[in-house]
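Scroll down for the structure; my scribbles are underneath it.
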Amino acid sequence: MEFFLVQTLNGISYGLLLFMLSSGLTLVFSLMGVLNFAHASFYMLGAYFAYQVSVKIGFWPALVIAPLLVGAVGMLVERFGLRKVHKYGHVAELLFTFGLAYLIEEAVHLVWGRLAVEYRVPPELDGPLFQIMGSQYPIYRGFMMLVSVAMLVSIWLALTRTRVGLVIQAGLTHPQTVEALGHNVPRVFMLVFGGGAALAGLAGVIGGNAFVTDPGMAAAVGPIIFVIVVVGGMGSLAGAFIASLLIGCMQTFAVSLDWSLGGISVAQAAPVLPYLLMVLLLIFRPTGLMGTREG
Amino acid sequence: MKGTFIRAGALGAAAALISFGAWAQTIKVAYIDPLSGAFAQTGEQGLAEFRFAVDRINASGVLGKQKLEVVPFDNKVSPQESLNQLKRVIDQGIRYITQGNSSAVAGALLEAVNRHNERNPGKEILYLNYAAVDPAYTNEKCSFWHFRFDANSDMKMESLTTYMAGQKNIKKVYLLNQDYSFGHAVKKAAREMLARKRPDIQIVGDDLHPLGKVTDFAPYVAKIKAAGADTVITGNWGQDMSLLVKAGKDAGLNVDWYTYYAGGLGTPAAMGEAAAGKVKIIAEYHSNVANNKAAKWDADYRKQAPKGNPDFYFLRGKIMWEMFAKAIIQAKSAEPKAVALALEGMKHEGDLGEVEMRKSDHQLIQPLYVLTLVKSAAKGGPKEAKIDMENSGLAPITDARLEAYTSATATSCQMKRP
Amino acid sequence: MRYEPLNLGRWIVWGAMALVFIVVPLAFSGGFALTMLIQMGTLIIFALSYNMLLGQGGMLSFGHAVYSGLGAYLAVHTLNLIGKGAFPFPVTLLPLIGGFAGLLFGVLFGYVTTRRAGTTFALISLGIGEMVFACVLMFPGFFGGEAGVSTNRVVGQPFLGITYGPAIQVYYLVATWCFLSIVAMFALTQTPLGRMANAVRDNPERAEFVGYDTQKVRFLQLVLASFFAGVSGALSCINFEIVSSENVSALRSAGVLMATYIGGVPFFLGPILGAIVFIFFAVALSGFTKAWLLYLGLFFVTVVLYAPGGIVSILLMQIPVLRAGRLRELLWPYALAAGAALIAMVGLIGIVEMVYRLSEQGASTVLNVFGMSFDARTTAPWIGFALILAAGIVALRFASRLVGARWGAIQQDLLARQP
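Residue numbers (the working numbering), protein chains in the order written: chain A, 827 to 1121; chain B, 303 to 720; chain C, 33 to 451.
Structural data, given as structure tokens:
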């Protein structure tokens, strides 16, 4: 019983972190049709910026500064890179972000080296939050969950209560109509891309010290967030939320189950499961769980 | 990659010289390991230490007019890229290679060297392996042209389990490893050897996780806890090691970690205080070992060590170069075949005890240590924890010394000699 | 009997290509150079097969290495069987086995993946690629795990004295297969299937109206492309004598994508040129500088931003100008632009190399670039290279404007002259 509860909490907190990461990607993809391969790189940049700021100033300022910095980088990328490539089509945009991911990784190698950096959880958040029948649940995981939920709520508020939010919402499902109605779509794009990058950066700030901050972190988490965006459905934030929780719990529980099939245990196959889910879903329901458009 | 451009020109001349036979002035050894990409720091560590060793040997004049030289080649930890680099090595007329990172690369190089030597008699290449520990290379895949200077993973497990057999407080062991050939070898050896030495120890769990892909080890930690283990044996390295230990601390997991590679590059820093008093490592050396005849070498190396790799780590590297030089002197030749014949069976007075390059399988037999990472003396830890690892606040202290014969496992090698 | 004039142009082009294949190893005969040529040949086949999907079929795939890798695995096991004497099969024809495996998996995976198009197809291919890669590591019995499966290509009966021991024999084997594959894939573009693939790429709805099932067309195109991918996998197996999880990795899929794109997706010749440039970067350049990955990334991003049709598009754009005899007017602006680019590159290389050297712990900070040596810790070289880079960029802006103006003028004239 204790085991099940702990695993559920683990699965949910991991899923919420994945949601923080994939929400930005879903927004960008749905609005601009750009599948941003460099999204995980923004996650990595968020962690590294937070490390740098937390070493000089502190963790709490880093929580605010780092995502803003990453958002700025995102806006620059959109303004000077994506916009130029936009006229060449989706393939070119995708490949541009692909090359960008390479370059960001090399830049991180140069500036911070190739090993992990010591980005630590601040002492006030280090320690057990509560005990579940003998197992501890760390404060920091609770903090991660809190930030993710707060972020979800504020995105929801921003999208439904502000004017820009309404424009973005419309653009999620009918981008051409929005343009036809005369809104400054390029500026909206820049904002959304920067916002998406900032969200990924925030995920990096939170996740970088819970896990490891090293140049391989982008490649480690990149494919999973694509799976989530696809499974959740293009154009649907709620779908991304459900898919993140689903995949977070699936990966967590897969490890705990000791079933085997043909010599391969479910635990060994755990990394493959999200991709299997994605492929099956794409074949039978290409709009994803809650999406409104296909690709 | 020092002065690559000058070297390119000089190599042409050197190649001509070397191809003329035994008493060439510079004996070059190609260092084929990652020097770019994610594992570059690991490759740089070996290169820095080897350059230091070679400089010392040259300065001592023990080889007379001849000089040793390390020539780096970047293989990006890829078996196929290593074969590309091997072709360059052959082109440049270099007759010796050394490598250590990744048993997969080692396997590819071993087969390629065997094939090359078979197809080109008189132009053979010798392979000095300083860290690739898949047991197969000194058992069923053994080769006359390969020498291994690191205890292979079965040997390390033999020593580790001998130590564990004496620890009465170990009752329930959990095995957690990376899902690839090395992880499989560790798990298999652990089961078999524990069953032999302490059949009363219960193995309460045995898991394999994908290599380098898991960011959240909390589920595994929860499993370990639910199984009630007091000890975990793991061959994890790099990120897999540091994340695992951190997750354990977060969940309040109280176990001893018996590891192979927790002392490696960047891992102590990443684990931080979570590791203090709990993480144990099996290795042939650490900087706080007693009766350390290599203490001065260690200190000298640290004085000139590059910022990112401050530790002296590969004592077996020092031993390798010393035995190599000795073999050249004994064989009175720099020809790989003659040097190999001199090297096999060689006994050498290492800095921590006598070591022997076993003739039957070309495996070096050396004493090993079980050490624990504790808070360094500067941070309030025990007195003997003087020198810390990579400025991480953690320092190694010896739990036990295991003499060379403890790890000398039997071999199935049927070596074909030329 | 109908009289058909001899298509001399066709014979000259193909003949010249065959001649280049035959003659080039005489110019570059070192062991390393030969291995580079062999890899170029293999990648040419792989990139051309990839372009059958992307350029001709409009299908962006992130998992093409699956077919070449699985082809390589079947080839390596077959080669080992030949070596044991259990399967008498000429090594020369081993690529057929690889192609067959590629074909098989193309049918298997292709059926599910080609049901969708566009981004969905791309993501399914990504998912399948990751799945196959994970499976390769999970079943070490067949796939050899991390170390892969090794083999020896000098097996079986020598054919006319050819044992494939020396690299030059392997080169000619690869060159022959490469030439045959190029001919075959070019011929395919001229068939109705090839043309319909283009149609499906451009306007699937209309293709359906004409009566073709778009899924069937895409499926056939993928199956044929995976056949050639398998051929290239088997050749890579013969060259390296080892097949490992790298052969099915995302990195390899990304590599062939980059190579094809750099060469030029819309053109048949594009992947050929792209493969040559890519191998040069990845294999040769990495021997000279640690920053090769950065250079490759920068080059790739430059191509995406400024030449989305690849290098071949730039070359082909010159042809109408050449035909009109006006290329001479562009030579001087081109030379100026090339010179400016060269200056900018010198500045860039200097800075990049210094940054890399400084980040490299333990190496001396004294650099030897372009025959001069200087210490990266002093400020003088930084200022120097920065100035050179700035000068290069300014000159490049000026030169590109000049090129643009001349180009525009020529294009206007050409347009005006059209009937």
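Quick reminder that beta carbons are idealized off the backbone N, C-alpha and C, glycines included. Model, not experiment: these values are computed from the prediction.
Secondary structure at C:Pro127: helix, using DSSP grouped into helix, strand and coil.
CA-CA distance, C:Arg42 to C:Ala48, rounds to 10 Å. Under the three-state reduction of DSSP output, A:Pro948 falls in the coil class, being neither helix nor strand. A check of alpha carbon separations from C:His109 across C:Leu51, C:Gly180 and C:Phe64 identifies C:Gly180 as the nearest. Contact of A:Ser1086 with chain B is not assigned, every C-beta pair being separated by 8 Å or more.
Taking a C-beta cut-off of 9 Å against chain A, the contacting residues of the segment 570–582 of chain B are Ala571, Ala572 and Gly574, listed in chain order. Under the three-state reduction of DSSP output, B:Asp701 falls in the strand class. Residues of chain A whose Cβ lies closer than 8 Å to the Cβ of C:Met170 are, in chain order, Ile1090, Gln1094, Ala1095 and Val1098. Contact annotation: in the segment 887–899 of chain A, no residue has its CB less than 7 Å from a CB in chain B. A distance below 8 Å between beta-carbons, with the five flanking residues on each side excluded, links B:Ile526 to the following residues of its chain, in chain order: Tyr476, Leu478, Gly507, Val534, Gly550, Leu555 and Val557. Listed in chain order, the positions of the segment 148–165 of chain C with a beta carbon within less than 7 Å of a beta carbon of chain A are Arg148, Gly150, Thr151, Thr152, Leu155, Ile156, Leu158, Gly159, Ile160, Glu162 and Met163. From the listed residues B:Asn471, B:Ser662 and B:Phe354, the smallest Cα separation to B:His448 is found for B:Ser662. Using a Cβ-Cβ cut-off of 8 Å, C:Ser258 does not count as an interface residue toward chain A, since no Cβ of chain A sits closer than that to its own.
Annotation: Cβ neighbours of A:Ile1109 in chain C (cutoff 7 Å, chain order): Val144 and Arg147.
Here C:Val344 is buried, its C-beta having at least 16 other C-beta atoms within 10 Å.
Among the CB atoms of chain A, none fall inside 8 Å of the CB of B:Ala564. Spatial neighbours of C:Leu80 in its own chain (CB-CB distance under 6 Å, excluding positions within 5 residues in sequence) are listed in chain order as Met217 and Pro303. Assignment of beta-bridge partners to B:Phe449 by DSSP yields B:Leu430.
Take B:Ser445, set aside five residues on each side of it, and the residues of its chain with a beta-carbon closer than 7 Å to its own are Leu412 and Asn416, in chain order.
Nearest to C:Glu385 by alpha-carbon distance, out of C:Asn235, C:Phe320 and C:Thr195, is C:Phe320.
In the structure shown, C:Asn83 adopts helical secondary structure according to DSSP, grouped into three states. With a contact defined as Cβ atoms closer than 8 Å, C:Gln253 and C:Ala229 qualify at about 5 Å. A:Gly1059 is positioned such that its CB atom lies closer than 8 Å to that of A:Thr1113.
One finds Leu936 in chain A with Cβ atoms closer than 8 Å to the Cβ of C:Tyr388, taken in chain order.
Boundaries of the alpha helix (DSSP H) around B:Val523: Ala520 to Ala529. Assigned with DSSP and collapsed to three states, B:Pro669 falls in coil, not helix or strand. Taking a Cβ-Cβ threshold of 7 Å, the residues of chain C close to A:Tyr914 are Pro340, in chain order. The segment 86–101 of chain C and the segment 152–172 of chain C touch, with no fewer than 3 CB-CB distances between them shorter than 8 Å. With a 10 Å radius around the Cβ and a threshold of 16 neighbouring Cβ atoms, B:Asp481 comes out buried. Among the residues facing chain A, B:Thr561 is not included, as its CB has no counterpart in that chain under 8 Å away.
When the five nearest sequence neighbours on each side are left out, the beta carbons in the same chain lying within less than 8 Å of the beta carbon of A:Gly1020 are those of Gly897, Ala898, Gly900, Met901 and Glu904, in order along the chain. DSSP lists B:Leu477 as the bridge partner or partners of B:Asp508. Against C:Leu325, the close residues of chain A are Tyr928 and Glu932, in the order they occur along the chain (beta-carbon pairs closer than 8 Å). Cβ-Cβ distances below 7 Å link C:Leu399 to Glu385, Met386, Arg389, Ser405, Phe406 and Ala408 in the same chain, with the five nearest sequence neighbours on each side left out; the list follows chain order. With a cutoff of 8 Å on beta-carbon distance, B:Asp335 and B:Gln401 are scored as near each other. Within chain A, the residues Val917 and Leu920 have their CB atoms less than 8 Å from the CB of C:Leu92, given in chain order.
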